[in-house]
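Asks: A single structure is presented below for examination.
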Amino acid sequence: MAILARLDGGFALAQSGFIPLSFERAEWLWLALLVPVIVIFSFRSLAGLGPARRVLAIVVRSIVVLIVAVVLAEVQRVRRNEDVTVMFLMDRSLSVREHGDAQEAYMADACANMPPKDRVGVIDFARLAYLEQLPMTGGYFLDQGRLPKMPNPERTDVAAAIRLAMAMFPHDTAKRIVLMSDGNDNMGDALTEARRAKADGVVIDVVPLWYRVRNEVYFEKMIAPASAEVGEVVSLRMNIQANAATSATMVVYHNDRQVELPPEVSRQRFHTGNNALVLRLPVTSDGLQRFEARFVTDDPNKDLIVDNNRASAFTFVSGKGKVAVMTMNPEHDALFVEALRSENIKTTVIDVSINIPDLAGLLDYSSIVLSNVPAHMFTEEQMKGLASYVEDIGGGLVMTGGEDSFGAGGWIGTPVAEILPVELELKHKKIIPRGALVTIMHSCELPRGNMWGKMIAKKAVDTISSKDYIGMLAYAAGGESWEVPLQIASNKGAIKKSIDRMQIGDMPDFDATMRMAVTALRQTDAAQKHVIIISDGDANPPLQSLLDEYKEAKITCSTIAVGFGQHAKGAVLQDVAKQTGGRYYPVRNPRTLPQIFVKESKVVRRPLLIDTPFLPQVAYAQSELLAGMEYGVEIPPLGGLVLTTPRPGLAFTPLVRAVDEGERDPVLAHWQRGLGRVVAFTSGYWPVWGSEWTQWSRFAKFWAQTIRWTMRQEAPANFDTYTTVEGNRGRIVVEALDKDADYLNFLNVRSKVIHPTKGALPVEFIQTGPGHYEGTFDIDHTGQYIANLAIYDEGDQYQGSIHTGVSVPFSPELRELATNEALLRQVADTTGGRWLQMDADDDKVFDHNLPPTVSDQQVWSWTIAWLLLPLFLLDVAARRLASWLALSIVVELLIIVVLLFGADVIHTTWWGVLGVVLLGEMIGWSIRFRYIGPLFDWLTHSVIALGTTGQRSTAVLEQLKTARDRAKSEPQAQSRSHAGEHDETAPVDAKAKFDAGEPTKQAPPINIEQTLGGAESASPGAVRSKPKPTSGADETAEDMTARLLKAKRRAKRKLDDEGAGGND
Amino acid sequence: MRKTPDNTPVIVARRRYAPLLVALAAVCGCDPPALTPNGVVHSFGSQGLGPGQFGYPRGIARSPDGKVFIADKTARIQRFDQHGSFEIGWSMPQREAGKPVGLGVHADGRVFVADTHYHRVIVFTPDGEELSRFGELGTGDGQFQLPTDVAFDDRGFVYVSEYNGNDRVTRWSEVPGSTGVEYAFESVFVAGPVAGRVLRRPSALAVDGEQTLWIADACNHRLLRFDLDGKLLAEFGEMGKAAGQLRYPYDIDVDDDGNLLVCEFGNCRLQWFDPAGRSLRVWGKPGRELGELSSPWGAVVGKDGLVFVLDSLNARVQVIRL
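This is how it looks when you write it as structure tokens:
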């Protein structure tokens, strides 16, 4: 924990109110006590220096010690920031859909005069929270009415919004959330999140969005029994809440057919409060029974929200089971359907080009036949639903062949391919004709266009066979380039990775990329060559000559125009498709793109079809599907099939087509997948490939046997089941009793709930009492939640299944009739926030009444670089640099550097910095003046001296000669007496000789030596005495020279002593 | 020290003050000009929605008083002063279908924005107040298909270029008496084959001091010069990376000497030509550093010989002096 330095108490900074430093380990500051010791010690050891230099050196050393102490104490800079960051949280759920404009206007108003250093960010939320504006200075930048559509406004999750806001706050400002909401939070736990915010020092101000619907009637719930028998009469219990008495007309649908109700039921008089109703309806068919009830009030003013006037429920009725034959072409399947019906299998034909039932609809059937249906007819969700229907519900699936099924139908890489008993990729074929697909991607002007582009490019990689060629072209920063070079798609993972890395730039022109595509495609051996262009159409069209080349090379080119509205931009793309024999797709909803792509890439998958007749051979006679055909039953020939690969492992492949090289193509395969069973029949396509089969005497028997094998095994566990919805959780309760009404304990309930959008999700059941089991699941979406419970006993023996579920007909937002003021007040109170009003015209949002943020920043590394090193240099300079000029420069620079550091730490203003520079300069110059004054004196003296040279030169010369002789003899005597210690005397000797050789220069060296500092004179006193020799004309030159030489020698000795004493 | 050459003290003095100068410059927040590469004086703008920030800027134009207007892919027009300081910004009235790619500033200060994906031109005051709009979707007279740029001559005509199968330049004139509010289609100025090749994506227009119209024929990688009667005066440029060659010239401007400044989207560089088509110099290469460009869409000659170049993918404007 940062502790403010206690030792700083006496400093002026402390008195000014705040010290911008803190210490992590303040105990090290005791090191500062070493300073007096150092002062005393240094005072002695540096006695050789002049007083000024000595003081300077001691001061510098003391500071160095202090800084070492400070660094060891882990000094931190404390940044105090009073700026505020405000995050606006804007509720955009259904319940406040009328308040959007007001909220935007409020934010714009509040930010109109925000302080310049404050920041504002915007998050909008309903079920999920989205960041619309990062916290930034300068204002609110969102345009009125231009927020993107809120994806799932049927729920409100205030907690998620607070969480996102907390993640977005910058760390160095005060933090305030302004929550604009009606408080009808039906997802998360807003209060817990508010407490978390409080702990983080975030204040949440609340701007309530007021509304109160006074006249409202809504459906509370409708309950139907989970299961029933055919012929039973089921009771539908309904609860309707009314705020005011009103009369209404009730309508009930049973499996989408309107039920004729007796007048006492159809005409209702609702009183204020809860109205309970019971309707009894007979069930005449098996499968899933869906009930839906709606009412219309006579007086619309008494019921303002109509979307909440309905409820739905369902009941499972066990029976013999039905089969759905899904087809694109019912006439093709007429004989097949007739055969099944002749074998007493209830069969319904579903034309997928008209309607595809959702998962709840599929539950009506025990088995589904996909007869030559292409994958692109299904959305990703529907395919997941089909897979879930088999694996989690236990339904059967039969896929029969034709040019639109299996790999040729685009099923490669889909969720359905996973559950088929054959592999759609050709793994062992040595020679098959290949397809080649080149995709040209152009950056799309629409939001997230490039993301969609990449997504469908990956989809294309999934759907083509790994034996086909694939390549991607785009315009990157460096020009048109092969982002995925044309290659065989054997390593799909690597290709998808390069798609992720792809730069989709703004392509000026289709011509260049289309030319690259045709050149590359011409060099491949592919039998089918196809190009797909994805673009918003604003690149320039290709030249006609290029389109002619496409036609000549039989390369088709389909174009997908991604964009909005009625743009003629599509004209270019349309023309390209038309001329090359491709197809043109104008896409408004990007969600349809994957399906288009699957459909398009079908072009290159034609090689997967084999059109030559063959005789199927029995490869596994023990198969249940061939029961009764083991001995000598002749199987008629088939006209063709779709190539697939046998699936290793648990799949059986009873019928095959034998190929020369010992390879076998599966014709009939089957396996158990999850709870369900799946059959693949790669031929079929009855009038074209299977005409001889339809004439075959065993045709009906074979198929009835096959379909029955797949049908869902109904073994209803006879337990009571209840379902309820509590807030955003659904609950399933199972009461397990045996025949003798004894509790069944320790059962194992394996369950999956099929979510309206997310597919099957596991639900964990726990035993909460004798024979009492409970499981819960999240409800975050409107729609049907269907649960399939498989019950196993202690010994893991299957006991049966239960189908149940709940229906959420409308959003809970439509049930909220008033602002939840209590919750909002709690959120504000928890965090110490304020209660603001939208129409109050005050500027409270950016009030600076929050405690300032204090953030610590490590500065010790800085301290070393900025302070310690210069000070060390200064210490050396103070003792070593003989020149006052050089010293002054060093001192000046060091003072500036050190003070600039200090200035930066306390965030001083520009004039503070200027002051630092001026101070440094002042000190520097004041040191320099010590030298400039004497220099000036010497110069002036030189001029005077020159003027009198004529009179005195002879006399002076004579005196100098005498002095030289004396100087010569004196050191020689010394050197003799110090024989062996030549290192000490030699330099003096040399200097003396040198001086003697140039007697005329004797006067100037006094100053030169002092100035440029070969050897420093002993004391400032000596410096001050400089002018003396020149001004004191009466003094003899002899005396002066002798004194000078003495002083020089003294200085030399001192320097040598110091040098020998080591560097300290 | 005594043996140092005569000029040493000067160097010493410089060295002595260099750290001080740098420290002072850093404190004052200015970049010493000599430290920036390749003649970049400074750059402004970053990725974002705030004032002075961009999302893929694509259109740039200069007003006679030196202000710079920039249109970006967030459908905003922002005005900067001649030093690159943000002054004012506004949004296009619609943007869902796409954003404007080019604009021109009239001598009187009005801003003509080619609202590309709405197939029209919108006229604003320099402060962003809408004055009028003209053009509609189509290939006929008075219609546009993806207009890209607007230019003006001193006869009072307005030139608009467009592409996407309707590659041409049309000429418009102010309706007399409408005081700059209404514009009427006057003629198709250039369309179809020019010097043997049909126009392909004329992406920028510029009228020079001699009152001739320059057209950047981007997908033919060439520049065209016409007199105002529609007569072709010059044609030069071919696809390539060498000096004198072009790759997708997306913008052109004419400097005071009558030389052409060409912004090459494909080569990520600027190139100067004299009016005879001789390449004078080349500046820039692909990259993210200063002095490098990423998919530049536009450039203008600013006041005092500065050049503003839209470094589009880097979401900034580099200001250079050469």
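The listed protein sequences derive, respectively, from chains U and P.
The first sequence begins at 553 in this note's numbering and counts up one residue at a time.
The second sequence begins at 6 in this note's numbering and counts up one residue at a time.
Even glycine gets a Cβ: it sits at the ideal position worked out from N, Cα and C.
Helix, strand or coil, according to DSSP, for U/S1407 in the structure here?
Replies: It is a strand residue.
Asks: Note down, in chain order, each residue of its chain lying with its Cβ closer than 6 Å to the Cβ of U/A660, except the 5 sequence neighbours on either side.
Replies: Y692
Asks: With a threshold of 7 Å on Cβ separation, who are the neighbours of P/V193 within its own chain once the five nearest residues in sequence on each side are excluded?
Replies: R173, T175
Asks: Report the rounded CA-to-CA distance for U/Q1349 versus U/T991, giving the unit in angstroms.
Replies: Their Cα atoms are separated by approximately 53 Å.
Asks: If you run the structure through DSSP and keep just helix, strand and coil, what is U/R748?
Replies: helix
Asks: Cutting at 8 Å between CB atoms, please list the residues of its own chain near U/M935, excluding the five before and the five after it.
Replies: A927, T966, P967, V968
Asks: Would you check whether the ligand ADP has a heavy atom nearer than 6 Å to the C-beta of U/S1087?
Replies: Ligands are entirely absent from the displayed structure, and the ligand ADP is therefore not among its contents.
Asks: Flag U/D1090 as yes if its beta-carbon sits less than 7 Å from any beta-carbon of chain P, otherwise no.
Replies: It does: the Cβ of U/D1090 has a partner Cβ on chain P nearer than 7 Å.
Asks: Can you tell which of U/P603, U/D1163, U/Q793, U/Q820 has its C-alpha closest to the C-alpha of U/L1369?
Replies: U/Q793
Asks: Can you tell me whether U/P1206 is helix, strand or coil according to DSSP?
Replies: strand
Asks: Using a Cβ-Cβ distance cut-off of 7 Å, determine whether U/G1117 contacts chain P.
Replies: Residue confidence for U/G1117 is low, a pLDDT of 48 falling below 50, so the modelled location carries little weight; the figure read from the coordinates is stated next. It does; some Cβ of chain P falls within 7 Å.
Asks: Specify, as a first and last residue, the run of the alpha helix (DSSP H) that P/W277 falls within.
Replies: Unbroken run through P/W277 is the beta strand (DSSP E), 274–278; no alpha helix (DSSP H).
Asks: Taking 7 Å as the threshold (C-beta atoms), are U/E1444 and U/G1472 in contact?
Replies: yes
Asks: Report yes if the CB atom of U/P1361 is closer than 7 Å to the CB atom of U/S645, and no otherwise.
Replies: no
Asks: Could you give the DSSP three-state label for U/A599: helix, strand or coil?
Replies: coil
Asks: Note down, in chain order, each residue of its chain lying with its Cβ closer than 6 Å to the Cβ of U/I964, except the 5 sequence neighbours on either side.
Replies: L976, T1015
Asks: Tell me which residues share the same chain as P/G170 and place their Cβ nearer than 7 Å to its Cβ, disregarding the 5 neighbours each side in the sequence.
Replies: Q150
Asks: Quick check on the DSSP output: what are the complete beta strand (DSSP E) runs of length 3 or more inside the segment 873–943 of chain U, in order along the chain?
Replies: Runs of the beta strand (DSSP E) inside the segment 873–943 of chain U: 874–879, 898–903, 919–923.
Asks: Let me confirm a value: P/P10 is counted as buried when at least 16 other C-beta atoms fall within 10 Å, else exposed. Which label applies?
Replies: A caution first: P/P10 carries a pLDDT of 39, below 50, which makes its placement in the model too unreliable to give a value.
Asks: Is the Cβ of U/P1060 closer than 7 Å to any Cβ of chain P?
Replies: Yes, U/P1060 lies at the interface with chain P (some Cβ there is under 7 Å from its Cβ).
Asks: Do you know offhand how far P/D258's Cα is from P/V118's?
Replies: If I take the Cα positions, the gap works out to 17 Å.
Asks: Can you confirm whether U/G1352, when its beta carbon is compared against all beta carbons of chain P, has any partner nearer than 7 Å?
Replies: no
Asks: Between the Cα of U/V765 and those of U/R986, U/L601, U/R1605, U/N795, spot the shortest distance and give me the residue it belongs to.
Replies: U/N795
Asks: Express the C-alpha separation of P/S137 and P/V306 in angstroms, rounding to a whole number.
Replies: 27 Å
Asks: Are any of the Cβ atoms in chain U nearer than 7 Å to that of P/R227?
Replies: Closer than 7 Å: no.
Asks: Cutting at 7 Å between CB atoms, please list the residues of its own chain near U/A1009, excluding the five before and the five after it.
Replies: T991, M993, M1024, I1051
Asks: Is there a Cβ from chain P that is less than 7 Å from the Cβ of U/M1474?
Replies: no
Asks: Would U/A621 and U/A578 qualify as a contact pair, given that the criterion is a beta-carbon distance under 7 Å?
Replies: no
Asks: Starting from the beta carbon of P/S51, find every residue of chain U whose beta carbon is closer than 8 Å, and list them in chain order.
Replies: Within chain U, no residue comes near P/S51; the closest Cβ sits about 11 Å away, beyond 8 Å.
Asks: Using beta-carbon positions only, say whether U/L1313 and U/V1305 come within less than 7 Å of one another.
Replies: Yes, the pair counts as a contact, with Cβ atoms nearer than the cut-off.
Asks: Does the separation of the CB atoms of U/D1020 and U/A1041 fall below 7 Å?
Replies: In contact: U/D1020 and U/A1041 (Cβ atoms closer than 7 Å).
Asks: Considering only their Cβ atoms, is the gap separating P/G263 from P/L251 smaller than 7 Å?
Replies: Not a contact, by the Cβ cut-off of 7 Å.
Asks: For a test of the three-state rule: what should DSSP assign to U/G839, helix, strand or coil?
Replies: strand
Asks: For the beta strand (DSSP E) holding U/D1427, just list the boundary residues, first then last.
Replies: Per DSSP, U/D1427 belongs to no beta strand (DSSP E); it is in the alpha helix (DSSP H), 1421–1432.
Asks: Pick helix, strand or coil for U/L694, following the three-state DSSP scheme.
Replies: coil
Asks: May I have the straight-line CA-CA distance separating U/R1480 from U/W1490, to the nearest angstrom?
Replies: 15 Å
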